[in-house]
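J.: Quick note on our numbering: the sequence shown kicks off at 58 and runs consecutively. Every residue gets a Cβ at the ideal spot worked out from N, C-alpha and C, and that includes glycine. These figures come from a predicted structure and were not determined experimentally. Here's a structure for you.
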Amino acid sequence: MSILLQPLKCSACGAPLKAKERDRMLLCSHCGTLSLVTAGKTAPVNFAIAAPAIESRDALVYIPFWIVNAEVSVTHEKISGGGISRMVSGQKQMRGVRDFYICAADAVPEEYARVWNMELTLKQPEIKTVPDFAGSERVVMTMEQETAGENAEFIFLRYEAEIPGTLQELDYEFRVNSTKVLYLPAYKKSTSYQLGV
Ligand SMILES: [Zn+2]
58 MSILLQPLKC SACGAPLKAK ERDRMLLCSH CGTLSLVTAG KTAPVNFAIA
108 APAIESRDAL VYIPFWIVNA EVSVTHEKIS GGGISRMVSG QKQMRGVRDF
158 YICAADAVPE EYARVWNMEL TLKQPEIKTV PDFAGSERVV MTMEQETAGE
208 NAEFIFLRYE AEIPGTLQEL DYEFRVNSTK VLYLPAYKKS TSYQLGV
């Protein structure tokens, strides 16, 4: 098999881009635009950088998340045992339209990513943005866009399964409206992370 390597170019200004190992987001040093790399080609991508909402002495890094805006509608469900507690528990429903937060960096340990994805998706935090990374580390984005959509659906199913009561049947529709990239600030101390939003 032979692979033809095309030089990567900024999707906004056309300047040549240097590929950082495995990073799916490439920053143009000429115009500051981030491009998404898919199958060896760059494309424009909707992205934002969230402002840190807390302060810390630890190192500030920016972790890439895929934000999957999706609509979930449940058309049929059957629950046994605890069906009532499921209804009166007051637990938030993960239905309707919302942003699903999917941590897109391999470098972040799974135990953090799992918790963040669920908590942020439930909480739907208010995000203020900043124009750039201001010299802070941008963590390498490893996850493909397609995988993010699958993971979003997974979060919904995991959540449904965790509500008290045994879920026996669930018919639902999961429709992705849009996908974008959001960098969230986090403070890193050796191998532990604290999210800064
Ligand atoms: Zn550029």
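Is DSSP giving K185 helix, strand or coil here?
T.: coil
J.: Shorter than 7 Å, the distance from the beta carbon of A69 to the closest heavy atom of ligand 1, or not?
T.: yes
J.: By the DSSP assignment, the alpha helix (DSSP H) with E176 in it spans what residues?
T.: Its alpha helix (DSSP H) spans residues 167 to 180.
J.: Drop a sphere of 10 angstroms on the beta-carbon of D228, count the other beta-carbons inside from all chains shown, and report buried for 16 or more, exposed for fewer.
T.: So D228 ends up on the exposed side.
J.: Expressed to the nearest angstrom, what Euclidean distance is found between the alpha-carbon atoms of E134 and T223?
T.: Distance between E134 and T223, taken at the CA atoms: about 11 Å.
J.: When you compare only the Cα positions, how much space is there between Q181 and R155?
T.: 8 Å
J.: Which value, in whole angstroms, describes the spacing of the CA atoms of L93 and A100?
T.: 5 Å
J.: Which residues in the same chain have their Cβ closer than 6 Å to the Cβ of Y158, if we skip the five residues on either side of it in sequence?
T.: F122, N174, L177, T178
J.: The alpha helix (DSSP H) with Q202 in it runs from where to where?
T.: 202 to 219
J.: Following a CB-centred definition, is A72 positioned closer than 7 Å to any heavy atom of ligand 1?
T.: yes
J.: Which partner residues does M82 have in the DSSP bridge list?
T.: L93
J.: On the three-state DSSP scale, how would you describe T199?
T.: coil
J.: Between S193 and V118, how many whole angstroms is the CB-CB distance? I'm expecting something under 8 Å.
T.: 6 Å
J.: Excluding five sequence neighbours on each side, which residues of the same chain lie with their C-beta closer than 6 Å to the C-beta of D163?
T.: T199
J.: In the structure shown, what three-state DSSP assignment does L241 receive?
T.: strand
J.: Determine whether the beta carbon atoms of V187 and A108 lie at a separation below 8 Å.
T.: yes
J.: Quick one: using the 10 Å Cβ neighbour count with 16 as the cut-off for buried, is C85 buried or exposed?
T.: buried
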